[in-house]
Amino acid sequence: MAKSLPKITLAPSRDIPLDRLRLSQSNVRRVKAGVSLDTLAADIARRGLLQSLNVRPLLDGEGQETGQFEIPAGGRRFRALELLVKQKRLAKDAPIPCVVGGAANDILAEEDSLAENSFREALHPLDEFRAMQAMVEKDAGIEEIAAHFHTTPAAVRQRLKLASVSPRLHALYAEEAMTLDQLMAFTIAEDHARQEEVWEQLEHSFNKPATWIRQKLTENTVRAGDKRARFIGLDTYLEAGGSIARDLFESDGGGWLTDPALLDRLVDAKLKAEGARILAEGWKWVTTAIDLPWDATRGFREIDREEVAMTEAEAARVAELEAEGEGLGDEWADAHDVPDEVHARIEAIDAELGALVDRPLIFAPEDMAMAGAFVSLDRDGSVRVERGFVKPEDQLQGGLGDDSASGPGDTTRSTGSDGEPVKAQDDAEGAEEAGGLRPLPDRLVSDLTAWRTLALQDRVAQDPALAFAAVLHVLVLGCFFSFSRECCVQIAANRVSFSNAPSGLRDCAPAQAIDARAAAWKERLPQSDKEVWSFLLTLDGEEQSQLLAHCVSLCVNAQAEVVPKYDNGRISAHGVERRIAHSHILALAAGLDVHGAGWRPTAAGYFSGVTKPQILADVAEARGDEAARMIGHLKKADMAREAERLVEETTWLPAPMRTPGMDDIDPNGGKTAVPVDADEGDPGVAELPVAAE
Numbered sequence: 002m003a004k005s006l007p008k009i010t011l012a013p014s015r016d017i018p019l020d021r022l023r024l025s026q027s028n029v030r031r032v033k034a035g036v037s038l039d040t041l042a043a044d045i046a047r048r049g050l051l052q053s054l055n056v057r058p059l060l061d062g063e064g065q066e067t068g069q070f071e072i073p074a075g076g077r078r079f080r081a082l083e084l085l086v087k088q089k090r091l092a093k094d095a096p097i098p099c100v101v102g103g104a105a106n107d108i109l110a111e112e113d114s115l116a117e118n119s120f121r122e123a124l125h126p127l128d129e130f131r132a133m134q135a136m137v138e139k140d141a142g143i144e145e146i147a148a149h150f151h152t153t154p155a156a157v158r159q160r161l162k163l164a165s166v167s168p169r170l171h172a173l174y175a176e177e178a179m180t181l182d183q184l185m186a187f188t189i190a191e192d193h194a195r196q197e198e199v200w201e202q203l204e205h206s207f208n209k210p211a212t213w214i215r216q217k218l219t220e221n222t223v224r225a226g227d228k229r230a231r232f233i234g235l236d237t238y239l240e241a242g243g244s245i246a247r248d249l250f251e252s253d254g255g256g257w258l259t260d261p262a263l264l265d266r267l268v269d270a271k272l273k274a275e276g277a278r279i280l281a282e283g284w285k286w287v288t289t290a291i292d293l294p295w296d297a298t299r300g301f302r303e304i305d306r307e308e309v310a311m312t313e314a315e316a317a318r319v320a321e322l323e324a325e326g327e328g329l330g331d332e333w334a335d336a337h338d339v340p341d342e343v344h345a346r347i348e349a350i351d352a353e354l355g356a357l358v359d360r361p362l363i364f365a366p367e368d369m370a371m372a373g374a375f376v377s378l379d380r381d382g383s384v385r386v387e388r389g390f391v392k393p394e395d396q397l398q399g400g401l402g403d404d405s406a407s408g409p410g411d412t413t414r415s416t417g418s419d420g421e422p423v424k425a426q427d428d429a430e431g432a433e434e435a436g437g438l439r440p441l442p443d444r445l446v447s448d449l450t451a452w453r454t455l456a457l458q459d460r461v462a463q464d465p466a467l468a469f470a471a472v473l474h475v476l477v478l479g480c481f482f483s484f485s486r487e488c489c490v491q492i493a494a495n496r497v498s499f500s501n502a503p504s505g506l507r508d509c510a511p512a513q514a515i516d517a518r519a520a521a522w523k524e525r526l527p528q529s530d531k532e533v534w535s536f537l538l539t540l541d542g543e544e545q546s547q548l549l550a551h552c553v554s555l556c557v558n559a560q561a562e563v564v565p566k567y568d569n570g571r572i573s574a575h576g577v578e579r580r581i582a583h584s585h586i587l588a589l590a591a592g593l594d595v596h597g598a599g600w601r602p603t604a605a606g607y608f609s610g611v612t613k614p615q616i617l618a619d620v621a622e623a624r625g626d627e628a629a630r631m632i633g634h635l636k637k638a639d640m641a642r643e644a645e646r647l648v649e650e651t652t653w654l655p656a657p658m659r660t661p662g663m664d665d666i667d668p669n670g671g672k673t674a675v676p677v678d679a680d681e682g683d684p685g686v687a688e689l690p691v692a693a694e
């Protein structure tokens with residue numbers, strides 16, 4: 002008959018007065034780590050001693066117990082208890098629960114001390130998340146939990162957010178089938194079904210980056226920094242029933258608005274109300290749009306306007322603010338650390354100065370009755386109002402056509418006192434009968450002015466500065482005064498308008514720079530085209546060159562327009578080809594850097610518009626063949642998003658954006674990405690998604 006195993010006997014537990022306990026020299030903990038004694042003492046004072054001390058009796062020289070005990074395991078708890086005694090919060094002989102081991106023990110005291118710490122298993126993070134969630138459900142406050150566990154309220158909110166993820170994903174995390182980074186990425190979405198759907202798309206992949214999870218969960222949302230969201234304000238959106246998804250673990254720029262349809266309705270209503278307010282000023286029409294097309298005012302004539310003069314009080318305030326700003330600038334110019342209140346005051350001065358210097362405009366009521374305004378959103382979400390434009394079809398109706406003055410030999414009909422047209426010849430005969438001279442015959446005037454033209458051409462050719470000013474005059478009239486009078490210098494300033502401008506073009510960095518430059522010159526130029534010549538002569542050579550460069554830039558067209566199937570007489574395939582070829586020459590001379598100008602190959606702006614094979618070819622060129630292979634199985638939309646992520650850190654450009662010749666000179670000069678050596682590998686490949694379709 003088999004013998005049963007002997008039953009073990011556990012060491013007894015008893016309460017021992019604190020003043021009879023001593024810290025053993027066998028305690029292996031020497032280095033301070035973890036929670037401080039102050040914190041541990043405060044926790045013991047609040048909830049009591051949760052874990053007994055491990056002690057052994059001290060023996061005298063004859064091997065008899067002395068009534069004193071040493072502590073090989075539990076030294077930090079003992080020190081915390083001593084601290085409570087020192088603080089007079091605990092009696093020095095308070096009974097302490099202890100597990101008493103035998104004095105004569107085959108197991109070393111050092112082994113007890115080491116075992117207590119070695120066999121301790123840290124709490125699984127998921128258990129920590131759930132524990133805090135359970136405390137909150139039992140009415141424990143976040144601030145209270147943070148205080149009790151000596152952490153921050155933000156850390157508690159993070160753990161509660163992790164606890165709110167789908168239980169199915171929790172189970173995967175507990176089984177180590179999901180990383181903590183991936184679990185954190187799922188906290189962006191509240192919908193458990195959506196979380197599980199995204200995970201299923203990645204389930205059979207061996208690489209599931211958290212960035213891809215975040216992209217999938219936010220693909221139908223709008224960034225809080227979007228100009229539409231900034232226009233209506235997040236509070237208005239939330240009050241209307243919208244919700245915002247936040248990422249508590251990474252910088253999210255304010256989060257994502259999860260109801261784009263609601264956002265668009267709110268934006269549309271507010272923008273229309275803004276348009277109605279502008280229309281009430283007395284305009285004939287107002288056009289509202291979130292994004293206006295590039296060069297939306299082309300073909301429109303601007304009516305005259307005047308700035309409201311600054312009052313004496315306003316001028317005095319401007320001088321006062323400028324003096325204060327200069328004083329602060331001088332005072333803190335050499336300081337390394339400028340106080341926040343100084344920064345705030347300087348910003349306040351700039352804001353007030355801007356409001357005073359940006360003068361309101363006055364328009365004549367009769368002009369406003371035939372003109373209108375464009376209302377749109379600027380990049381920062383503010384309302385952009387462009388007033389005083391007359392539509393082309395209203396030009397002649399309002400008498401705003403070409404009103405060129407009559408010259409010698411003019412045969413234009415005039416109007417008599419009875420309203421009937423009277424021939425110029427009749428006027429001439431009447432003048433001759435009254436003793437006046439007949440006008441010169443038209444043919445003679447034409448002959449004489451032909452000779453004068455040659456003389457003027459010869460003279461202009463002898464004065465390069467004058468020729469420069471004459472060309473500049475034509476360009477300014479064509480670029481800033483759409484319906485100005487004819488100029489004797491027969492050079493056309495054809496401002497470029499795009500036949501199929503992409504949406505959002507007005508918000509790109511080059512467009513913003515061009516608009517700012519145009520606004521600065523427009524503010525300086527006279528309102529009437531009659532005064533432009535005199536104004537140009539007041540500019541120095543440098544200013545004239547800058548203005549010329551601006552006007553010339555507006556006439557540069559490097560767009561590969563879509564040639565219609567049937568010749569429309571405006572563009573042809575051959576003409577577009579020659580134009581693009583010349584644009585390469587100009588770009589090479591200018592050192593054009595499209596990437597440096599701010600263009601990036603995004604999913605919406607590029608990859609979604611090309612085929613999957615083209616995406617793979619582009620990624621292979623930018624990041625190497627291995628990167629392309631790892632996204633080759635994705636669906637088109639996912640592939641486009643991943644291609645954007647992979648290429649964003651490179652300087653790769655698609656072929657139409659490159660300048661031939663520039664890349665040949667310096668292939669690593671920031672115009673195209675350098676392909677990765679397949680033998681060396683790509684350090685970013687490890688982060689690539691491999692989600693199955």
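Okay, so the sequence shown: first residue is 2 according to my numbering, each after it adds one. Heads up, the beta-carbon is just placed ideally off N, CA and C, and yes, glycines get one too.
Could you pull the start and end residues of the beta strand (DSSP E) that residue i belongs to?
| i | result |
| --- | --- |
| A374 | G373 to L378 |
| Q69 | E66 to A74 |
| G389 | V384 to V391 |
| T212 | From DSSP, T212 is part of no beta strand (DSSP E) but of the alpha helix (DSSP H) over A211 to L218. |
| T289 | W286 to T289 |
| R23 | L22 to L24 |
| L60 | L54 to L60 |
| R15 | S14 to P18 |
Going along the chain, which residues of its own chain have a beta-carbon closer than 6 Å to the beta-carbon of residue i, five neighbours each way excluded?
| i | result |
| --- | --- |
| D305 | Q528 |
| A519 | none |
| R642 | Q216 and A604 |
| M179 | L173 |
| E117 | A74 |
Could you give the residue range of the alpha helix (DSSP H) that holds residue i?
| i | result |
| --- | --- |
| C556 | No alpha helix (DSSP H) contains C556, which DSSP labels as neither H nor E. |
| P98 | Counting along the chain, P98 falls outside any alpha helix (DSSP H), though it belongs to the beta strand (DSSP E) covering P96 to V101. |
| I304 | No alpha helix (DSSP H) contains I304, which DSSP labels as neither H nor E. |
| T40 | L38 to R48 |
| I146 | I143 to H149 |
| D619 | K613 to R624 |
| I233 | K228 to I233 |
| Q134 | P126 to E138 |
| R265 | Residue 265 is actually Asp in this sequence, not Arg. Here the alpha helix (DSSP H) through D265 covers P261 to L280. |
| M179 | Counting along the chain, M179 falls outside any alpha helix (DSSP H), and DSSP gives it neither H nor E. |
Can you give the beta carbon distance from residue i to residue j, rounded, assuming they're within the 8 Å contact cut?
| i | j | result |
| --- | --- | --- |
| I70 | I17 | The question names Ile, yet the displayed sequence has Phe at residue 70. Right, their Cβ atoms sit about 6 Å apart. |
| V59 | T67 | Inspection of the sequence shows that residue 59 is occupied by Leu rather than by Val. Right, their Cβ atoms sit about 5 Å apart. |
| L19 | K93 | 6 Å |
| P393 | G300 | 5 Å |
| L38 | A81 | 5 Å |
| F481 | K523 | 6 Å |
| L239 | A225 | Actually they do not touch by this definition, with Cβ atoms about 11 Å apart. |
| L127 | H171 | 6 Å |
| T346 | L329 | For the record, residue 346 in the displayed sequence is Arg; it is not Thr. The pair is a contact, with the Cβ atoms about 7 Å apart (cut-off 8 Å). |
Among residues of its own chain, excluding the 5 on either side of residue i, which ones have a beta-carbon nearer than 7 Å to its beta-carbon?
| i | result |
| --- | --- |
| A372 | W284, K285, I304, G389, F390 and V391 |
| A290 | S377 |
| R15 | C99 and V101 |
| V199 | I214, K217 and L218 |
| L11 | none |
| S609 | A641 |
Please list, in chain order, all residues of the same chain as residue i whose beta carbon is under 8 Å from its beta carbon, the five residues on each side excluded.
| i | result |
| --- | --- |
| D667 | Low local confidence applies: a pLDDT of 38 at D667 is under 50, so the model's placement there is unreliable, and no value is given. |
| V473 | Val is not the amino acid found at residue 473; the sequence shown has Leu there. Excluding positions up to five away in sequence, the list reads L537, Q545, L548, L549 and C552. |
| D419 | Interpretation of D419 is limited by its pLDDT of 41, a score under 50 that renders its predicted location unreliable; the figure taken from the coordinates is listed afterwards. Nothing listed; no residue qualifies. |
| A618 | A629 |
| A510 | A598 and G599 |
Against chain B, does residue i count as a neighbour if the rule is that its beta carbon must be under 7 Å from one of theirs?
| i | result |
| --- | --- |
| L163 | Protein chain content of the structure displayed is limited to a single chain, and chain B is not contained in it. |
Meets three-Cβ-pair contact criterion under 8 Å: the segment 182-193 and the segment 239-257 = Touching, per the Cβ criterion.
request  = Inspect the CB distances between the segment 223-233 and the segment 256-272 and report whether three or more fall short of 8 Å.
outcome  = Touching, yes.
ask   = Counting pairs of beta carbons, one from the segment 348-362 and one from the segment 264-277, are three or more of them closer than 8 Å?
value = The segment 348-362 is not in contact with the segment 264-277.
inquiry  = To test your reading of the DSSP string, which unbroken alpha helix (DSSP H) runs of 4 or more residues are found completely within the segment 330-372?
reply    = As far as the segment 330-372 is concerned, its whole alpha helix (DSSP H) runs of at least 4 residues are 341-358 and 366-369.
key: Uninterrupted alpha helix (DSSP H) stretches inside the segment 627-669 (no shorter than 4 residues)   = Counting only runs of 4 or more, we get 637-648 and 663-666.
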